[in-house]
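> Mind the numbering: the sequence shown is residues -20 to -1, 1 to 518 in mature numbering (1 follows the signal peptide of the UniProt record, and there is no 0), read in order.
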Amino acid sequence: MQWQIQLLLVVLLNGLLLHAKDLQECELVKDGYHVCREIESFDQLNQYVKNGWQSVKIVNEHTGIEITHKPMPNLAKLIKLDLSESGGLTLGKQGFRQFELLQELNITHCQLEELKEQHFSNMRNLLSMDVSYNDVQLIGEQLMSQLPNLIYANFSNNLIAEIEPNAFKSLKKLIFLDLTTNEQDNVTIGENANLRYLSISNNNVRDFHWCRLRGLPKLEELHLHSNWLEVLDVGIFYHLPKLRVFNVSNNNIYDIKPNLFMGPSEVAITPLELLDYSSNNVKLLDDNVFYRLNNLRTLNLWFNQINKISAKAFQGLTKLESLHLQGNKITALPDHVFANLTSLEILDLSRNALRQLNRETFGNGLLGKLWMLDLSNNNLEQLHPLALSSLPFLRELRLRRNKLTTLDIRMFAPLRRLQLLTLSENRLEEIDIDILDSFDRLTALEINNNKLTYLPVLKSSNYLAQLQQISIEGNPWQCLCLDEITAWLDTRQVRYARPSSAYYSGRKPLCVVTPMEQCIRDLNSVRAQGIVESYEQI
Ligand SMILES: *[C@@H]1O[C@H](CO)[C@@H](O)[C@H](O)[C@H]1NC(C)=O
Ligand SMILES: *[C@@H]1O[C@H](CO)[C@@H](O)[C@H](O)[C@H]1NC(C)=O
Ligand SMILES: *[C@@H]1O[C@H](CO)[C@@H](O)[C@H](O)[C@H]1NC(C)=O
Ligand SMILES: *[C@@H]1O[C@H](CO)[C@@H](O)[C@H](O)[C@H]1NC(C)=O
Ligand SMILES: *[C@@H]1O[C@H](CO)[C@@H](O)[C@H](O)[C@H]1NC(C)=O
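Rendered as structure tokens:
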């Protein structure tokens, strides 16, 4: 019995091996670019490579690749080598010495534990090296100095804890250096005259002084998200005068110091365009904290603990286009706080604890670019009727999940360009005919889950001429009123039913049957009849 099973195994294994061997081949994918399968060594590869081949990718499913010690003249002409699917790499003594003209090397997912300098000793032409997803622990100075022409170096997803002092100093052309997801707890990259992009995100970096980055005078993007930073040193532009993108999201930073963005006084325009400070512990936005950022386009402050914003917190941000403040603890906004943000296009204040919006929150002037305002998930009970009068260009207004009981026509009358309005999950009992009349460009309206029992007479009118979509369920509609509404929506071919929702699948009621013979459009009678209450009891 046992020998039978063994025989079967042998037959099966042979089958697999034969299969694997059979698959060994190279095919042309497009001009000069070849994919070679089941290659066990560079020696084998050398036998396939012909004159005129430029780029090879090795795809191994059944084997890794080993590097043997023989002359391989055909490999010396390759420009690109991709070993990311080679199934693991054993570099032997030779390493990549044969690849004298190679410009692009991809050794991601190769199970490498170290990068030895002798393996890369003949690669002066290398421009791009991707070492992501290995187990490398150290970047050596000797190794890097052999790659003087490198432009792109990606070491993400390794175990790099140590970088030798000035390992990148002699790489005069390096532009991108990615150290995301490693084990760095200190900033030790030393000098590099040309570097534009640096990421040390998702490491264990703790607080440090900007002078540790002063050797990077051309740095434009610095990504430090997902580390253990608590305090940022002041005067960032003294050391990084060209910084355009700065991401410190997902750390434990508890404030934004007024002098953080300080730089030499002769620099009139600070270059920063994007600041991502989201998911930290900032509590207060003080006056003038962003004052110097006169080129900033995007400011992400979502998911901090902000509970106080000073009236002049955003002063100076004349080019700001999008401001994200969602997921904080803001209960009130000072007058004029957004007044000077004349380039603002998107403002997200959702998921805070705002109770009201004042007349002067957006100032007296015009915010002529603002088209998206998100106020959903707050505690808004009151909106000053003129609170949005500075925003006539709004196209999207989101007010879902608040505590609004009434809407004022003075609020909506200036919003002639509104296309999307969400009012769902509020406490509205009535929507005035004049308000509906002002929605002449609206294409999508959400009024579900309020306390509406009827809408004004729609039949003979031209209201909501552009409407394509509306959500109405979850209101205590009088059934007769709802019939009228749906008939009107049907003739106008407006979508309203969401078949997957509990309301349209019969699990929750869509309306209340009343003893009256017609749709009652009078709030006092509706209240007298207790329609809302009887709906809530169903
Ligand atoms: C290296 O290969 C991986 C996997 O195929 C790919 O995702 C990555 O973009 C490549 N790197 C470069 C620099 O092209
Ligand atoms: C480095 O590689 C990682 C993983 O493939 C990739 O997500 C990242 O975008 C690369 N970095 C750069 C700067 O291209
Ligand atoms: C970071 O490295 C520098 C120089 O290598 C050293 O002086 C400093 O003490 C280190 N900081 C930490 C927190 O290890
Ligand atoms: C900043 O880092 C976070 C990760 O915490 C990431 O989600 C976000 O996209 C980054 N922002 C930019 C602008 O790259
Ligand atoms: C808006 O700008 C004017 C003129 O520069 C200035 O006087 C005022 O203090 C600014 N207001 C706010 C709230 O930033």
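Ideal placement from N, C-alpha and C gives every residue a C-beta, glycine not left out.
#1: What is the residue span of the alpha helix (DSSP H) that D158 lies within?
#2: Rounded to whole angstroms, how far is the Cβ of E121 from the Cβ of N102, which I believe are closer than 8 Å?
#3: Pull the bridge partners of V492 from the DSSP assignment, please.
#4: Measuring from the CB of D268, is there a heavy atom of ligand 4 at a distance below 7 Å?
#5: With the cut-off set at 8 Å, would you say residue 521 and L209 are in Cβ contact?
#6: Output the distance between the C-alpha atoms of Q306 and R17, rounded to the nearest integer angstrom.
#7: Give the straight-line distance between the Cα atoms of residue 547 and P251, rounded to the nearest whole angstrom.
#8: Are there any heavy atoms of ligand 4 lying less than 7 Å away from the beta-carbon of D256, as far as the coordinates show?
#9: For the structure I just gave you, are there three or more beta carbon pairs, one from the region 47 to 55 and one from the region 100 to 120, closer than 8 Å?
#10: Identify every residue that forms a DSSP beta bridge with V225.
#11: Tell me the DSSP secondary structure of L425 in three-state form.
#12: In whole angstroms, what separates the C-alpha of F79 from that of Q117?
#13: Can you check whether the CB of L422 is closer than 8 Å to the CB of Q458?
#14: My understanding is that V39 touches H14, with C-beta atoms under 8 Å, so please give their C-beta distance in whole angstroms.
#15: Tell me the residue span of the beta strand (DSSP E) that contains V15.
#16: Since H304 sits in a beta bridge, which residues does DSSP pair it with?
#17: Counting only runs of 3+ residues fully inside the region 13 to 60, write out the beta strand (DSSP E) ranges in chain order.
#18: What did DSSP end up calling E65 once you bin it into helix, strand or coil?
#19: For ligand 2, is there any heavy atom lying closer than 7 Å to the beta carbon of F156?
#20: Got a sec? Which residues, its chain only, sit under 6 Å from L110 by beta carbon, not counting five neighbours each side?
#21: Indicate the three-state DSSP secondary structure (helix, strand or coil) for Y466 in the structure shown.
#22: E516 to I411, Cα distance in whole Å?
#23: Take C6 and list the residues in its own chain whose beta-carbon comes closer than 6 Å to its own, dropping the five residues that flank it on each side.
#24: Considering only the beta carbon of each residue, do Q285 and N308 sit closer than 8 Å?
#25: I believe A333 touches I310 by the beta-carbon criterion, under 8 Å. Please report the beta-carbon distance rounded to the nearest angstrom.
#26: Ligand 1 and S64: does any heavy atom of the ligand fall closer than 7 Å to the residue's C-beta?
#27: To the nearest angstrom, report how far apart E57 and F241 are at their CA atoms.
#28: Report the three-state DSSP secondary structure of Q446 (helix, strand or coil).
#29: Please look up how many angstroms separate the CB atoms of L395 and L416, rounded, as I've assumed it's under 8 Å.
#30: Please state the DSSP three-state secondary structure of R475.
#31: Could you check if E405 is buried or exposed, using at least 16 other CB atoms within 10 Å of its CB as the buried criterion?
#32: Residue range of the alpha helix (DSSP H) that Y515 falls in?
#33: Who are the near neighbours of G215 in its chain, counting only those whose CB is closer than 6 Å to its CB and skipping five residues on each side?
#34: Determine the DSSP secondary structure at M242, reduced to helix, strand or coil.
#35: Below 7 Å, is the gap between the Cβ of N86 and the nearest heavy atom of ligand 1?
#36: Starting from the Cα of S206, find the closest Cα among R192, V185, N320 and F226 and give me that residue.
Concretely, from the data shown:
#1: Secondary structure note for D158: it is in no alpha helix (DSSP H), and the uninterrupted beta strand (DSSP E) holding it is F156 to D158.
#2: That pair is no contact at about 18 Å.
#3: V492 pairs with Q458.
#4: Residue 268 is actually Asn in this sequence, not Asp. No - ligand 4 has no heavy atom lying nearer than 7 Å to the Cβ of N268.
#5: Beyond the ends of the chain as shown, which are -20 and 518, falls residue 521; an answer cannot be given.
#6: Taking C-alpha positions only, Q306 is separated from R17 by approximately 50 Å.
#7: Since the first residue shown for the chain is -20 and the last is 518, residue 547 is missing from the structure and cannot be characterised.
#8: Between ligand 4 and the CB of D256, the shortest heavy atom gap is smaller than 7 Å.
#9: Contact fails: fewer than three Cβ-Cβ distances are below 8 Å.
#10: Per the DSSP secondary-structure output, V225 pairs in a beta bridge with E201 and L254.
#11: Secondary structure of L425 (DSSP, three-state): strand.
#12: Rounded to whole angstroms, F79 to Q117 spans 25 Å at the Cα level.
#13: Against a cut-off of 8 Å, the Cβ pair of L422 and Q458 comes out as no contact.
#14: Going by Cβ atoms, the distance from V39 to H14 rounds to 11 Å, so no, they are not a contact pair.
#15: Start and end: Y13 to R17.
#16: DSSP lists N280 and D328 as the bridge partner or partners of H304.
#17: The beta strand (DSSP E) runs of length 3 or more contained entirely in the region 13 to 60 are, from start to end of the chain, 13 to 17 and 35 to 39.
#18: It is a strand residue.
#19: F156 Cβ: within cutoff of ligand 2.
#20: It should be pointed out that residue 110 corresponds to Asp in this sequence rather than to Leu. Counting only residues of its own chain and dropping the five nearest sequence neighbours on each side, D110 has a CB closer than 6 Å to the CB of N86, T88 and N134.
#21: For the record, residue 466 in the displayed sequence is Thr; it is not Tyr. Here DSSP, grouped into helix, strand and coil, assigns T466 to helix.
#22: Rounded to whole angstroms, E516 to I411 spans 20 Å at the Cα level.
#23: H14, C16 and Y28, listed in sequence order.
#24: Contact: yes.
#25: 7 Å between Cβ atoms; contact.
#26: Yes, the Cβ of S64 comes within 7 Å of a heavy atom of ligand 1.
#27: According to the sequence shown, residue 57 is Lys rather than Glu. Each residue's Cα considered, the two are about 49 Å apart.
#28: The three-state reading of DSSP puts Q446 in coil, since its state is none of H, G, I, E or B.
#29: L395 to L416, Cβ: 13 Å. No contact.
#30: Reduced to three states, the DSSP call for R475 is strand.
#31: Buried, since its Cβ has 16 or more Cβ neighbours within 10 Å.
#32: Residues I511 to Q517.
#33: Spatial neighbours of G215 in its own chain (CB-CB distance under 6 Å, excluding positions within 5 residues in sequence) are listed in chain order as M242.
#34: In this structure, M242 counts as coil in the three-state DSSP scheme.
#35: For ligand 1, a non-hydrogen atom lies closer than 7 Å to the CB of N86.
#36: Here the closest residue by C-alpha is V185.
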